[in-house]
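Heads up: the sequence shown begins at 1 in my numbering, then just goes up one per residue. Structure, as structure tokens:
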Amino acid sequence: MTNLFKTKKLTYLLISILALFTFIACSSDDTSDEVNEIEEIQIIEKSTPYSNDLESELSSIAEIATEDGRFNTLVTALVEADLAETLSGEGTFTVFAPTDEAFAALPDGTLEGLLADKEALSGVLLYHVLGSVVMAENVVEVSEATTLQGSDIAVEVVDEKVFVNDSQVIITDLEASNGVIHVIDKVLIP
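Right, dumping it as structure tokens:
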């Protein structure tokens with residue numbers, strides 16, 4: 001019964017977050033010029049699209065994060081920040097998703113402090129999200145991109161490795177129904 005309640009709560013949260021991101025994406029500045037400036041980069045690891053079965057549609061970003069197993073802390077943070085719903089619904093997002101190991105590497109007390117401060121947590125999470133879909137093949141030589149949090153992130157290629165700020169992109173192009181996930185090895189802090 002508790003798991004059913006948690007599942008329903010997560011579903012409602014994901015829907016709310018999706019609605020929030022949709023609202024933010026609709027009200028944000030046009031980023032099509034930024035996407036047009038993006039060129040091709042080396043793909044570190046290309047993943048196949050997630051889906052419930054071969055015949056079904058792609059899963060949402062939130063569903064992929066929940067089902068994958070590498071993003072338990074991220075999913076918990078999205079739920080706590082009331083952002084999970086946003087990444088469950090319609091939209092066009094690029095999420096730089098830190099793994100559980102990335103969250104574990106934060107200084108002691110950082111994650112707990114963020115989880116206790118919903119506004120700060122939302123800011124950090126939105127700093128990992130772009131309001132448009134940017135596949136790995138389109139990310140070459142981009143120097144920066146504006147996040148849904150409002151700040152820019154630096155993007156660079158060093159020795160054929162892609163970095164977002166100081167976090168390395170370790171897996172690219174987890175395709176979703178509402179965007180794409182690129183897995184990173186460190187949490188981005190604005």
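Heads up, the beta-carbon is just placed ideally off N, CA and C, and yes, glycines get one too. Remember, it's a predicted structure, so these values are computed and weren't measured experimentally.
Three-way DSSP call (helix, strand, coil) for residue i in this model
i: residue 71; result: coil
i: residue 146; result: strand
i: residue 42; result: Caution applies to residue 42, whose pLDDT of 35 falls short of 50 and renders its modelled position unreliable; the value that the coordinates give is listed next. Residue state, collapsed to three classes: coil.
i: residue 78; result: helix
i: residue 161; result: strand
i: residue 189; result: coil
i: residue 196; result: Residue 196 falls outside the range modelled here, since the chain spans only 1 to 190, and no answer is possible.
i: residue 28; result: Any reading at residue 28 must be qualified, since the residue scores a pLDDT of 43, below 50, and its modelled position is unreliable; the value itself is stated next. DSSP places residue 28 in coil when its eight states are reduced to three.
i: residue 179; result: strand
i: residue 63; result: helix
i: residue 99; result: coil
i: residue 115; result: helix
Whole-number beta carbon distance between residue j and residue i, since they are thought to touch under 8 Å
i: residue 102; j: residue 185; result: 6 Å
i: residue 64; j: residue 154; result: The Cβ separation is near 25 Å, so there is no contact.
i: residue 109; j: residue 149; result: Contact doesn't hold; Cβ gap of about 22 Å is too wide.
i: residue 151; j: residue 127; result: 6 Å
i: residue 100; j: residue 136; result: That pair is no contact at about 22 Å.
Minimum C-alpha distance to residue i - residue among the options
i: residue 189; options: 59, 84, 69 and 96; result: 96
i: residue 192; options: 135, 170 and 180; result: What is shown of the chain runs 1 to 190, which leaves residue 192 out entirely.
i: residue 138; options: 168, 182 and 107; result: 182
i: residue 134; options: 180, 112, 164 and 146; result: 180
7 Å Cβ shell around residue i - same chain, five flanking residues per side excluded
i: residue 125; result: 77, 78, 81 and 83
Nonlocal neighbours in the same chain, by C-beta distance under 6 Å from residue i, ignoring five residues either side
i: residue 60; result: 88, 176, 177 and 178
Contact test: residue i Cβ vs the ligand COA heavy atom, cutoff 8 Å
i: residue 117; result: Absence of the ligand COA is noted for the structure shown, with no ligands found whatsoever.
Cβ-based burial, residue i [other Cβ within 10 Å; buried from 16]
i: residue 91; result: buried
i: residue 159; result: exposed
i: residue 104; result: exposed
i: residue 119; result: exposed
i: residue 85; result: buried
i: residue 98; result: buried
Same chain, Cβ closer than 8 Å to residue i, neighbours up to 5 away in sequence not counted
i: residue 115; result: 76, 77, 80 and 121
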